[in-house]
Amino acid sequence: MKKPIVQKKTVKLFRDIVKILSPPPKLTVSEWADKYRKLSAESSAEAGQWNTDRAPYQREILDAINNKETETIIIESSAQVGKTEIINNIIGYHIDYDPAPIMVLLPTVDLAKSYSKKRLALMIRDTPVLNDKVADAKSRDGDNTVLEKGFPGGYVVLVGANSPASLSSRPIRILLADEVDRYPLSAGDEGDPLSLAEKRTKTFFNKKKVYVSTPTDEDTSRIHKEYLKSTKEEWCLPCPYCGRYQPLKWGQIKFEDVTMECAYCHERATEYDWKNQKGKWISENPSASIEKRGFHLNALASPWEHWETIIKEFKDAKKKGKDVLKTWINTYLGEPWADQDGEMANEEELLKRREAYNCQVPKDVLVLTAGVDVQDDRLEVEVVGWGIGKESWGIRYAVYRGDPGQQVVWEQVEQLLDSEFCYASGERLMISATCLDTGGHYTNETYKFCKAREHKRIYAIKGKGGSGIPFIHRSSRNNEEKVLLTILGVDTGKETLLSRLKVKFEGEPGYCHFPIEKGKGYDEAYFKALTSERKVKKWVKGKLKIEWKKKRTRNEALDLRNYATAALEILNPNFEKLKELNKNGNIYRQKAKKKKRKRKVVSKGVSV
Numbered sequence: 000m001k002k003p004i005v006q007k008k009t010v011k012l013f014r015d016i017v018k019i020l021s022p023p024p025k026l027t028v029s030e031w032a033d034k035y036r037k038l039s040a041e042s043s044a045e046a047g048q049w050n051t052d053r054a055p056y057q058r059e060i061l062d063a064i065n066n067k068e069t070e071t072i073i074i075e076s077s078a079q080v081g082k083t084e085i086i087n088n089i090i091g092y093h094i095d096y097d098p099a100p101i102m103v104l105l106p107t108v109d110l111a112k113s114y115s116k117k118r119l120a121l122m123i124r125d126t127p128v129l130n131d132k133v134a135d136a137k138s139r140d141g142d143n144t145v146l147e148k149g150f151p152g153g154y155v156v157l158v159g160a161n162s163p164a165s166l167s168s169r170p171i172r173i174l175l176a177d178e179v180d181r182y183p184l185s186a187g188d189e190g191d192p193l194s195l196a197e198k199r200t201k202t203f204f205n206k207k208k209v210y211v212s213t214p215t216d217e218d219t220s221r222i223h224k225e226y227l228k229s230t231k232e233e234w235c236l237p238c239p240y241c242g243r244y245q246p247l248k249w250g251q252i253k254f255e256d257v258t259m260e261c262a263y264c265h266e267r268a269t270e271y272d273w274k275n276q277k278g279k280w281i282s283e284n285p286s287a288s289i290e291k292r293g294f295h296l297n298a299l300a301s302p303w304e305h306w307e308t309i310i311k312e313f314k315d316a317k318k319k320g321k322d323v324l325k326t327w328i329n330t331y332l333g334e335p336w337a338d339q340d341g342e343m344a345n346e347e348e349l350l351k352r353r354e355a356y357n358c359q360v361p362k363d364v365l366v367l368t369a370g371v372d373v374q375d376d377r378l379e380v381e382v383v384g385w386g387i388g389k390e391s392w393g394i395r396y397a398v399y400r401g402d403p404g405q406q407v408v409w410e411q412v413e414q415l416l417d418s419e420f421c422y423a424s425g426e427r428l429m430i431s432a433t434c435l436d437t438g439g440h441y442t443n444e445t446y447k448f449c450k451a452r453e454h455k456r457i458y459a460i461k462g463k464g465g466s467g468i469p470f471i472h473r474s475s476r477n478n479e480e481k482v483l484l485t486i487l488g489v490d491t492g493k494e495t496l497l498s499r500l501k502v503k504f505e506g507e508p509g510y511c512h513f514p515i516e517k518g519k520g521y522d523e524a525y526f527k528a529l530t531s532e533r534k535v536k537k538w539v540k541g542k543l544k545i546e547w548k549k550k551r552t553r554n555e556a557l558d559l560r561n562y563a564t565a566a567l568e569i570l571n572p573n574f575e576k577l578k579e580l581n582k583n584g585n586i587y588r589q590k591a592k593k594k595k596r597k598r599k600v601v602s603k604g605v606s607v
């Protein structure tokens, strides 16, 4: 009688052993995330268990990793669609379920450190199946640091596209490249950072490469170029009325009732009605190989963005001019900016634009800034006025001839920078910030001049050419005089100036005014110098580069307007606040005959 009981126990024992030894059930990345992934309170408004159905368009993207035929995944998208969480889930899946050497490539080392601390470390901490496999970076485990996480069977290394050494050190099977449109053209002298990273995957037959980015300019956008060579898949929803599938398109959004019109039956439906439908990915390039899948997403499909807010942001961006509208196109529609303008400003049109101010400072000017350029035989200065929407007014262009190695020419410049400029009413305004170029043959003299006058917001700057370099690049005191030196991305500044010079109508954001009165310096020679460079497109080793070429030798006017613009960006004034203060008593202006007081400008702070 006891034998059956023994047999049952034996059978149960073997079943338990089989359960322990049998491989885990096959899971896709989305299934793994739905089962194990936890969202952290510090990095998510919806902390707790991950649910792919919250943003169902993510499922196909995540599971493309599991398709043996797919090697490269391209995600061209807007902001706020969860693309960072897609990367996180792929990392978590491979740490826990399919161990492999992984590289996460970000634009800079600093961004890699920030991502590690604020996103990756939190996911590992709050997802139980991960925190048992990856030691804390603060532990004595040598395999785990801020930029490298070791785990059984693999590791995650985080690198910056600006660091050539970290891009060429080890083989990887999974390459996750985030914000690729913000990578430098070259990692030091080593070449294209994405190409360097791709080479690290060559030894793996089952490699995966994921490229993610919000696009930038159409001509230079890497993510857009890669997307065009892919399957070009759009997230499509069926019309609530006729059932025809279609992507959510900005051109079909109706502002008056916040609806989207069907491209086929032309019925309008609300955001809720559209998003409540079950969507699917539809390829615009079905003949393309599934080896390279491309996905495009815009904010209209995001559960974290509402159409009413997107419409409001669009209206605000349009009011603020082309620069802000470009950012809106990139970050909300996930589309590259296509500039339909020509490649240069027209000097004759600008010369005809001149107008009579009948005063030193027009009434709509709220802030004055200046730029100073140093040549071997002279110093040149431009004073520029700024108003709402960064509308600008040329105030004074002056040339002081003399040896910059002698004090007398600097005294003349300082006298102008300390001047008070009058409105028609007799009220006065002083220059709030100045940028002075330290390049050339008189670097020590410029350093000393700026060092002694930093309290006057006279800043030393040095230009750095190259596409993709931020206008206000970086600041440091790493020089002999310990002066605060700011590096400017001059090509970015020229792009901004070129777009503003092309604004046609007075009162529009960015419109540039110039005075016609003699003695203010805005003659034909000025406009020849202002339009002395043109933007040209050049292919170098198969890659498109944007360069600025001189068509005339003299370009000081262009540089000076760039420097005066940089001074405004560093000052970062609150124009709305200044306008309001002006209505309530002109507290930052002074009557011409009153006792001189210290300048007072309302500012958001000097951001250097």
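In numbering that gives the first Met the number 0, the protein residues as written are 0 to 607. From the three backbone atoms N, C-alpha and C, an ideal C-beta is built for every residue, glycine too. Computed from a prediction, not measured in an experiment: that's the story for all the values here.
Point to revise | Rounded C-alpha distance that separates Tyr114 from Gly81 | key: Sequence index remark: in the sequence shown, residue 114 carries index 115 (1-based). Sequence index remark: in the sequence shown, residue 81 carries index 82 (1-based). Whole-angstrom Cα-Cα distance: 15 angstroms.
**Study point:** Cα-Cα separation between Asp218 and Val535, rounded to whole angstroms
**Key:** Here the question's residue 218 lines up with position 219 in the sequence shown. Here the question's residue 535 lines up with position 536 in the sequence shown. Roughly 11 angstroms separates the two Cα atoms.
Practice item. Taking Glu283 as part of the alpha helix (DSSP H), name the residues at either end of that continuous run. Key: Within the sequence shown, numbered from 1, the residue matching residue 283 stands at position 284. Looking at the DSSP string, Glu283 is not in any alpha helix (DSSP H), and its letter there is neither H nor E.
Check your understanding: Going by the beta-carbon positions, is the gap between Leu129 and Ile72 smaller than 8 angstroms?
Key -> The residue labelled residue 129 in the question sits at position 130 within the sequence shown. The residue labelled residue 72 in the question sits at position 73 within the sequence shown. No, the Cβ-Cβ distance between Leu129 and Ile72 is not below 8 angstroms.
Review point. To the nearest angstrom, how far is it from the Cα of Glu579 to the Cα of Gly386?
Key: Residue 579 sits at position 580 when you count from the first residue of the sequence shown. Residue 386 sits at position 387 when you count from the first residue of the sequence shown. Glu579 and Gly386 have their C-alpha atoms some 12 angstroms from each other.
Review point. Based on the DSSP output, what are the partners of Lys549 in its beta bridges?
Key: Numbered from its first residue, the sequence shown carries residue 549 at position 550. Lys549 is bridged to Glu532.
Point to revise | Separation of Lys25 from Lys319, as counted between CA atoms | key: Reading the sequence shown from its first residue, position 320 is the one you call residue 319. Reading the sequence shown from its first residue, position 26 is the one you call residue 25. Computed Cα separation, rounded: 52 angstroms.
Check your understanding: What span of residues does the alpha helix (DSSP H) with Trp273 cover, start to end?
Key -> Position 274 of the sequence shown, counting from 1, holds the residue named residue 273. Start and end: 270–274.
Exercise for review: Could you name the residues of the same chain whose beta carbon sits closer than 6 angstroms to that of Gly439, not counting the 5 residues immediately before and after it, in chain order?
Suggested key: Position 440 of the sequence shown, counted from the first residue, corresponds to residue 439. If we look at Gly439 and ignore the five residues flanking it on each side, its Cβ neighbours are Val373.
Review point. Applying the criterion that 16 or more other CB atoms from any shown protein chain within 10 Å of the CB defines a buried residue, is Tyr226 buried or exposed?
Key: Position 227 of the sequence shown holds residue 226. The residue in question, Tyr226, is buried, as its Cβ has 16 or more Cβ neighbours within 10 Å.
Exercise for review: Determine the burial state of Lys76: buried for a count of at least 16 other Cβ atoms within 10 Å of its Cβ, exposed for fewer.
Suggested key: Translated into the one-based positions of the sequence shown, residue 76 becomes position 77. Before going further, note that residue 76 is Ser rather than Lys in the sequence given. Looking at its Cβ environment, which holds 16 or more other Cβ atoms inside 10 Å, Ser76 is buried.
Review point. Using the rule of at least 16 other Cβ atoms within 10 Å of the residue's Cβ for burial, across every protein chain shown, is Thr51 buried or exposed?
Key: Residue 51 sits at position 52 when you count from the first residue of the sequence shown. That one is buried.
Check your understanding: Going by the CB atoms, is the gap between Glu381 and Ala565 shorter than 8 angstroms?
Key -> Counting from one through the sequence shown, the residue named residue 565 turns up at place 566. Counting from one through the sequence shown, the residue named residue 381 turns up at place 382. No, they are not a contact pair.
Practice item. Out of Thr485, Ile86, Gly464, state which residue places its alpha-carbon closest to the alpha-carbon of Arg473. Key: Along the sequence shown, one-based indexing puts residue 473 at 474. Between Arg473 and the set Thr485, Ile86, Gly464, the nearest pair of CA atoms involves Thr485.
Review point. Cα-Cα, which of Leu166, Ala111, Pro127 is closest to Thr144?
Key: Translated into positions along the sequence shown, residue 144 becomes position 145. When each option's Cα is compared against that of Thr144, the closest is Ala111.
Exercise for review: Within the same chain, show all residues whose beta-carbon is closer than 6 angstroms to that of Gly541, passing over the 5 residues directly before and after it, in chain order.
Suggested key: Here residue 541 refers to the residue found at position 542 of the sequence shown. Unreliable positioning characterises Gly541 in this predicted model, as indicated by a pLDDT of 46, which lies under 50. The coordinate reading is nonetheless provided below. If we look at Gly541 and ignore the five residues flanking it on each side, it has no Cβ neighbours.
Practice item. Give the straight-line distance between the Cα atoms of Thr326 and Arg353, rounded to the nearest whole angstrom. Key: Residue mapping note: residue 326 aligns to position 327 of the sequence shown, counting from 1. Residue mapping note: residue 353 aligns to position 354 of the sequence shown, counting from 1. Straight-line measurement puts the Cα of Arg353 at about 30 angstroms from the Cα of Thr326.
Practice item. Label Asp216 either buried or exposed according to how many other C-beta atoms from any shown protein chain fall within 10 Å of its C-beta, with 16 as the threshold for buried. Key: As a first step, residue 216 is located in the sequence shown; it is residue number 217 there, counting from the start. When all chains shown are included, Asp216 counts as buried.
**Study point:** Spatial neighbours of Glu304 in its chain, beta-carbon cut-off 7 angstroms, leaving aside the 5 residues before and after
**Key:** Counting from 1 along the sequence shown, the entry for residue 304 is found at position 305. Gln79, Ala298.
Point to revise | Exposure label - Tyr271; buried when at least 16 CB within 10 Å | key: Counted from its first residue, the sequence shown places residue 271 at position 272. Exposed, since its Cβ has fewer than 16 Cβ neighbours within 10 Å.
Point to revise | Coil, strand or helix - Ile468 by DSSP | key: As a first step, residue 468 must be located in the sequence shown, where it is residue number 469. Note: Ile468 maps to coil in three-state DSSP.
Check your understanding: Going by the CB atoms, is the gap between Ala46 and Ala40 shorter than 8 angstroms?
Key -> Position 41 of the sequence shown holds residue 40. Position 47 of the sequence shown holds residue 46. A contact, by the Cβ cut-off of 8 angstroms.
Practice item. Please list, in chain order, all residues of the same chain as Lys548 whose beta carbon is under 7 angstroms from its beta carbon, the five residues on each side excluded. Key: In the sequence shown, the residue the question calls residue 548 occupies position 549. Cβ contact annotation for Lys548 (same chain, cutoff 7 angstroms, sequence separation greater than five): Glu532, Arg533, Val535, in chain order.
Review point. Can you tell me whether DSSP reads Ala176 as helix, strand or coil?
Key: Numbered from 1 along the sequence shown, position 177 holds the residue referred to as residue 176. In the structure shown, Ala176 falls within a strand segment according to DSSP collapsed to helix, strand and coil.
Check your understanding: According to the Cβ coordinates, are Glu260 and Pro246 closer than 8 angstroms?
Key -> Within the sequence shown, the letter at position 261 stands for residue 260. Within the sequence shown, the letter at position 247 stands for residue 246. No, these two residues do not count as a Cβ contact at 8 angstroms.
**Study point:** Residues of its chain near Ser628, where Cβ-Cβ distance is below 6 angstroms and the 5 sequence neighbours each way are ignored
**Key:** With the chain running from 0 to 607 in the structure shown, residue 628 is simply not present.
Review point. Quick one: what's got a C-beta closer than 6 angstroms to Ser212's C-beta in the same chain, skipping five residues either side?
Key: Indexing the sequence shown from 1 puts residue 212 at position 213. Around Ser212: Glu178, Val179, Asp180, Ile222.
Review point. Nearest-angstrom Cα distance between Pro514 and Ala355?
Key: Here residue 514 corresponds to residue number 515 of the sequence shown, with the count starting at 1. Here residue 355 corresponds to residue number 356 of the sequence shown, with the count starting at 1. Going by C-alpha positions, Pro514 is about 6 angstroms away from Ala355.
Check your understanding: Just to confirm, are Asn88 and Thr27 a CB contact at a threshold of 8 angstroms?
Key -> In the sequence shown, counting from the first residue as 1, residue 88 sits at position 89. In the sequence shown, counting from the first residue as 1, residue 27 sits at position 28. No, the Cβ-Cβ distance between Asn88 and Thr27 is not below 8 angstroms.
Review point. What are the complete beta strand (DSSP E) segments, minimum 3 residues, inside the region 291–342?
Key: You should have 291–296.
Point to revise | Buried versus exposed call for Gly250 [16 or more other C-beta atoms within 10 Å across all chains shown] | key: Locating residue 250 in the sequence shown gives position 251, counting from the first residue. The residue in question, Gly250, is exposed, as its Cβ has fewer than 16 Cβ neighbours within 10 Å.
Check your understanding: Quick one, are the C-beta atoms of Arg377 and Tyr399 less than 8 angstroms apart?
Key -> Here residue 377 corresponds to residue number 378 of the sequence shown, with the count starting at 1. Here residue 399 corresponds to residue number 400 of the sequence shown, with the count starting at 1. Their beta carbons are under 8 angstroms apart, which means Arg377 touches Tyr399 by this criterion.
Review point. Residues in its own chain within less than 7 angstroms of Lys317 by CB, not counting five upstream and five downstream?
Key: In the sequence shown, the residue the question calls residue 317 occupies position 318. If you ignore the 5 residues before and after Lys317, its C-beta comes within less than 7 angstroms of the C-beta of Leu324, all in its own chain and listed in chain order.
Exercise for review: Kindly indicate which residue of Val209, Glu189, Phe526, Leu174 has the alpha-carbon position closest to the one of Ile74.
Suggested key: Numbered from 1 along the sequence shown, position 75 holds the residue referred to as residue 74. Closest by alpha carbon: Val209.
**Study point:** Start-to-end residues for the alpha helix (DSSP H) that takes in Glu381
**Key:** Here residue 381 is taken as the residue at index 382 of the sequence shown, counted from 1. Run containing Glu381: none in the alpha helix (DSSP H); it sits in the beta strand (DSSP E), 377–385.
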